[in-house]
Amino acid sequence: MSTVLDADSRDEGLAVEVRSLRRRYGERTVIDGLDLRIRRGEFVALLGESGCGKTTLLRALAGLDAVDGGQIIGASKAAVVFQEHRLLPWDSVWRNVALGLDDRAGRPLALAALAEVGLGDRLDDWPRNLSGGQAQRVALARALVREPGLLLLDEPFAALDALTRIRMHGLVKQLVARHRPGVLLVTHDVDEAVALADRVLVMRNGVVANEYPVSAEANTHRAHPEAVALREQLLSELGVDASALAVG
Amino acid sequence: MPALVLAVWEILARAGLLSPQVLPAPSKVGATAWGLIGQGRLLSDMGTSLLRAATGFAIGGSIGFSLGTAVGFSRLAEALLDRSIQMVRSIPFLAVLPLVIVWFGVDEGGKIFLVSLGVMFPIYINTVLGIRQVDPKLLELGRVIGLSNWQLIRRIVLPGALPSILAGVRYALAVAWLALVVAETIATSSGIGFLAMDAREFLRTDVIVLTILIYAAIGVLSDAIARLLERRLLAWHANYATGGRR
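Shown next, in the form of structure tokens:
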């Protein structure tokens, strides 16, 4: 465990702060002076059209891509769950979760994390024997076992079937409430954003164009008037005409 | 199937249709083998050959693996080494045989050198290939998790390259025997190949057939070892797992 704390992670409750972040690919500016703050325990969903820079932002926060300007403060303890589970096929389930942890301490931690995601009985299985939902739960356990200050979710449920996705939503919500990392969920799915997030951001032209708070009631009750209105609002922000959907 | 071939062969030989000079009966070959074991020659010659093959395999395999790892990881190493290695590889090793005899005489060195040379290339090529084929998404994951370079290599790159490396090992085992046969039949005073050459001088077809059978048996054995390695080390892989289909 590192004992070095940078200035802002001592600022209680802040998971990450992004100041005027800039990222260019050749001539194209993908992120153009973006600001963002996520507190510990806060669940933030990031929506936006394809190619608007959502994933670029997430990769920058994960430290996978360089940035061309601005600052990212306090993201040093970030964990990522990708769209694909990215489990190592040659390691058993528990070894995947313990990847990179100290050999001695890793196993009990991995066991506890797997029990938390309901896979305590699959410790020694090969990843190939898991279903898509189970594999993604292992990936979640692998992220949480590190007790990250910031949890980055890159469309982690997109490849799952509808029923599995709903179960995963419940599980993630519960795990975040217990471990309280700051969460940034990148998604295309407006329903998913409204069901999970405390705050929904819409990204456009390389900045956060709009943000909407979501109440706990709107999270849990799909038919709550606030949830219905917010979904319509978000869809129209993303360029989908909600009335056209009603007809179709 | 081999048993059937053996039976037909024995019957033909007994019936006098096969001259013992051309192809002696299996029972005769068996008796010869027994006789040679009794003299203490067969087992010591086999031991000598196995030791040569194993030593050559270990040396050539280590060199091939080290070079392959270097070239697989580093563009610089590739630029420096790959072209030359490919050039040496394209030389048929029969062509270097006279040179080897001049360098090493008829000692062990030359035979081990030839085996090493033959083994090195399949291992080298498959190691490079295996490392290049490792899923970049898994490497990215390793970096996000904060693995050190050494951990990345040990936990992700080498296991990912292993199926390819083992395919190289399997091929290299076959090459090792080929190289050894060539080396032992040309310049030697012990080993299975020497046994065969010695027998040729005296038209001992039974001994020659015996040595051929020994080579075949060793080939089957080394293939079995390679398969066992694959099953053990690649148990995680759907295509190698025992019994389990997918």
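Line order of the protein sequences matches chains D and S.
Residue -10 is where the first sequence starts when you use this note's numbering, and the numbers rise one by one after that.
Residue 157 is where the second sequence starts when you use this note's numbering, and the numbers rise one by one after that.
Each residue gets a CB set at the ideal place from its N, CA and C atoms; glycine is no exception.
Against chain S: residues of the region -2 to 31 of chain D by CB proximity under 7 Å: Cβ contacts with chain S: none found.
Runs of 4 residues minimum, wholly inside the region 151 to 230 of chain D: which ones carry the alpha helix (DSSP H) assignment? The qualifying runs are 151 to 168, 179 to 185, 205 to 209 and 214 to 226.
Length of the line joining the Cα atoms of Gln222 of chain D and Asn194 of chain D: Rounded to whole angstroms, the separation of the alpha carbons of Asn194 of chain D and Gln222 of chain D is 18 Å.
Examine chain D for any beta-carbon lying closer than 8 Å to the beta-carbon of Glu386 of chain S, and answer yes or no. Under the Cβ criterion of 8 Å, Glu386 of chain S is not counted among the residues facing chain D.
Between which two residues does the alpha helix (DSSP H) containing Val86 of chain D stretch? Going by DSSP, Val86 of chain D is part of the alpha helix (DSSP H) stretching over Val82 to Val86.
Roughly how many angstroms separate the alpha carbons of Val165 of chain D and Ser222 of chain S, rounded to a whole number? Roughly 46 Å separates the two Cα atoms.
Counting only the same chain and skipping the five closest in sequence on each side, list residues whose C-beta sits under 8 Å from that of Leu334 of chain S. Cβ-Cβ distances below 8 Å link Leu334 of chain S to Gly274 in the same chain, with the five nearest sequence neighbours on each side left out; the list follows chain order.
Below-8 Å beta-carbon distance, Ala51 of chain D vs any chain S residue: Closer than 8 Å: yes.
Can a CB atom of chain B be found closer than 8 Å to the CB of Lys267 of chain S? You won't find chain B in this structure, because its protein chains are D and S.
Smallest Cα separation from Asp143 of chain D: which of D:Asp180, D:Glu73, D:Leu10 and D:Val217? Considering only alpha carbons, the answer is D:Glu73.
Helix, strand or coil at Leu35 of chain D [DSSP, three-state]: Residue state, collapsed to three classes: strand.
Where Glu264 of chain S falls: helix, strand or coil (DSSP): Secondary structure of Glu264 of chain S (DSSP, three-state): helix.
Comparing C-alpha positions only, which one of D:Leu190, D:Pro145 and D:Ala101 sits nearest to Asn199 of chain D? It is D:Leu190 whose Cα lies nearest to the Cα of Asn199 of chain D.
How is Ala68 of chain D classed by DSSP in three states: helix, strand or coil? Strand.
Please classify Leu250 of chain S: does DSSP put it in a helix, a strand, or coil? Residue state, collapsed to three classes: coil.
Would you report the Cα separation of Ile321 of chain S and Gln60 of chain D, rounded to the nearest angstrom? Roughly 44 Å separates the two Cα atoms.
Consult DSSP for Gln177 of chain S and reduce its assignment to one of helix, strand or coil. Three-state result, Gln177 of chain S: coil.
Since Tyr14 of chain D sits in a beta bridge, which residues does DSSP pair it with? Looking at the DSSP assignment, Tyr14 of chain D forms a beta bridge with D:Arg17.
With which residues is Arg311 of chain S paired in a DSSP beta bridge? Answer by DSSP bridge pairing: none, since Arg311 of chain S is not bridged.
Please report how far the alpha carbon of Leu318 of chain S lies from the alpha carbon of Arg360 of chain S, in whole angstroms. Straight through space, the alpha carbons of Arg360 of chain S and Leu318 of chain S are spaced by roughly 45 Å.
If we ignore side chains and look at the alpha-carbon of each, how far apart do Gly196 of chain S and Ala171 of chain S end up? Approximately 32 Å, taken between the alpha carbons.
When you compare only the Cα positions, how much space is there between Leu377 of chain S and Ile370 of chain S? Rounded to whole angstroms, the gap between the alpha carbons of Leu377 of chain S and Ile370 of chain S is 10 Å.
Leaving out five residues before and five after Leu351 of chain S in sequence, what residues of the same chain have Cβ atoms less than 7 Å from its Cβ? Scanning its chain for C-beta atoms nearer than 7 Å, with the 5 sequence neighbours on each side dropped, one finds around Leu351 of chain S the residues Asp201, Val363 and Thr367, in chain order.
Classification of Arg288 of chain S by the beta-carbon crowding that lies within 10 angstroms, buried from 16 upward: So Arg288 of chain S ends up on the exposed side.
So the candidates are S:Gln177, S:Thr204, S:Trp190 and S:Leu168; which of them puts its Cα closest to the Cα of Thr344 of chain S? In terms of Cα proximity to Thr344 of chain S, the closest of S:Gln177, S:Thr204, S:Trp190 and S:Leu168 is S:Thr204.
Where the alpha helix (DSSP H) through Leu369 of chain S begins and ends: Looking at the DSSP string, the run of the alpha helix (DSSP H) that includes Leu369 of chain S is Thr361 to Leu389.
Rounded C-alpha distance that separates Ala51 of chain D from Pro248 of chain S: One C-alpha to the other measures close to 51 Å.
Whose CA, out of D:Ile155, D:Thr153 and D:Leu160, lies closest to the CA of Ala104 of chain D? Comparing Cα-Cα distances from Ala104 of chain D to each of D:Ile155, D:Thr153 and D:Leu160, the minimum goes to D:Leu160.
Inter-residue spacing [alpha-carbon to alpha-carbon] between Arg126 of chain D and Leu35 of chain D: Looking at the backbone, the Cα of Arg126 of chain D and that of Leu35 of chain D are separated by about 21 Å.
Based on the DSSP output, what are the partners of Arg8 of chain D in its beta bridges? For Arg8 of chain D, the pairing in a beta bridge is given by DSSP as D:Gln60.
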